[in-house]
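*Asks:* Structure in structure tokens, see below.
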Amino acid sequence: QSGLSVQRVADAVGYSSLSAFSDRFRAHFGKAPSHFRRISK
Numbered sequence: 001q002s003g004l005s006v007q008r009v010a011d012a013v014g015y016s017s018l019s020a021f022s023d024r025f026r027a028h029f030g031k032a033p034s035h036f037r038r039i040s041k
């Protein structure tokens with residue numbers, strides 16, 4: 001759990017764009033990062 005925005009998480013793990021991070025996250029987990037965060041609370 002993190003108070004960081006998805007953009008900040010993407011930056012922190014080395015992605016240069018939010019869309020690249022979101023695409024990779026969705027390919028791995030089957031859900032967008034924001035959706036994953038909502039259902040994980």
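UniProt numbering puts the first residue of the sequence shown at 1, with every later residue one more than the last. From the three backbone atoms N, C-alpha and C, an ideal C-beta is built for every residue, glycine too.
Can you tell me whether Phe21 is buried or exposed? The criterion is at least 16 other CB atoms within 10 Å of its CB, across all chains shown.
*Replies:* As a first step, residue 21 must be located in the sequence shown, where it is residue number 21. When all chains shown are included, Phe21 counts as buried.
*Asks:* Taking the Cβ atom as the reference point for each residue, do Ala32 and Arg24 lie within a distance shorter than 8 Å?
*Replies:* Locating residue 32 in the sequence shown gives position 32, counting from the first residue. Locating residue 24 in the sequence shown gives position 24, counting from the first residue. No, the Cβ-Cβ distance between Ala32 and Arg24 is not below 8 Å.
*Asks:* Need the endpoints of the alpha helix (DSSP H) that Leu4 sits in, please.
*Replies:* Here residue 4 corresponds to residue number 4 of the sequence shown, with the count starting at 1. Run containing Leu4: none; DSSP gives neither H nor E here.
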